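Taking it in order: structure first as structure tokens, then the write-up.
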Amino acid sequence: MDKKNQKSTKTEFHVRYAETDAMGIVHHANYPVYFEEGRSQLMRDLGSNYAEIEAAGYRMPVTELGVRYVGSFRYGEKAEIHTYIDANHSRRVTFTYDVFNSETGKKVASGFTKHIWTDKNGKVTRIPNRWAMFFSSQAIS
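Each position in the sequence shown, counted from 1, maps to that position plus 4 in the working numbering.
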């Protein structure tokens with residue numbers, strides 16, 4: 005899918021010291037946390053959030069995750085996460101992520117997360133109508 009036609013958002017923050025490893029770079033395990041931050045911001049930008057989804061009795065657990073590392077961050081550098089809704093199905097949604105060093109413009113990582121909709125007991129369900137429109141292929145302004 006052409007990313008120009010996808011719903012997306014940009015999230016920025018500075019890398020925290022606690023996220024770095026003995027080599028002085030961000031440990032690889034932090035990138036899924038960065039993805040979650042971008043995904044949460046996208047949900048807020050669309051007019052909802054995970055607390056609202058959970059209060060309505062639904063969940064969106066991650067079923068698959070992938071990360072491709074092409075660079076690294078050091079403490080204090082500014083990260084920029086571009087988050088996209090990539091695929092939408094009746095019960096699943098896929099988000100993709102591009103991670104940049106905001107100061108240099110260089111890509112540091114990219115990745116994806118796949119999610120399934122469930123009820124509060126973990127039973128797979130259709131995306132509720134209240135949220136189905138959020139995951140349509142129309143771009144947000």
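All C-beta atoms, glycine included, are put in the ideal place defined by N, C-alpha and C.
In this text the structure is predicted, and so the values were computed from the model without any measurement.
Exposure label - Ser140; buried when at least 16 CB within 10 Å:
exposed
CB contact flag (Ala83, Tyr38, <9 Å):
Against a cut-off of 9 Å, the Cβ pair of Tyr38 and Ala83 comes out as a contact.
So Ile57 is in the alpha helix (DSSP H); what residue range does that whole segment cover?
Tyr54 to Ala59
Which residues in the same chain have their Cβ closer than 6 Å to the Cβ of Val97, if we skip the five residues on either side of it in sequence?
His119 and Phe139
For the region 47 to 104, which segments carrying the alpha helix (DSSP H) assignment without a break, of at least 4 residues, lie completely within its bounds, in sequence order?
54 to 59
Close-in-space but distant-in-sequence residues of the same chain around Gln45 (CB under 6 Å, 5 per side omitted):
Thr13 and Thr15
Can you tell me which of the three DSSP states Glu16 falls into?
In the structure shown, Glu16 sits in a strand (DSSP, three-state: E or B).
Quick check on this structure: which residue in Val128, Asn92, Val30 and Thr129 has the alpha carbon closest to the alpha carbon of Val74?
Val30
List the whole-angstrom C-beta distance separating Gly115 from Gly70, where the pair is believed to meet the contact cut-off of C-beta under 8 Å.
A Cβ-Cβ distance of about 5 Å is found for the pair Gly115 and Gly70, placing them in contact under the 8 Å criterion.
Ile131 - partner residues in DSSP beta bridges:
Looking at the DSSP assignment, Ile131 forms no beta bridge with any residue, so it has no partner.
Specify the secondary structure class of Ser44 as computed by DSSP and reduced to three states.
helix
Below 8 Å CB to CB, which residues in the same chain sit around Thr129 once its five sequence neighbours on both sides are set aside?
Tyr62, Arg95, Trp121, Thr122 and Asp123
Does the Cβ of Ala60 have 16 or more other Cβ atoms within 10 Å, making it buried, or fewer, making it exposed?
Counting Cβ neighbours within 10 Å, Ala60 comes out exposed, since fewer than 16 surround it.
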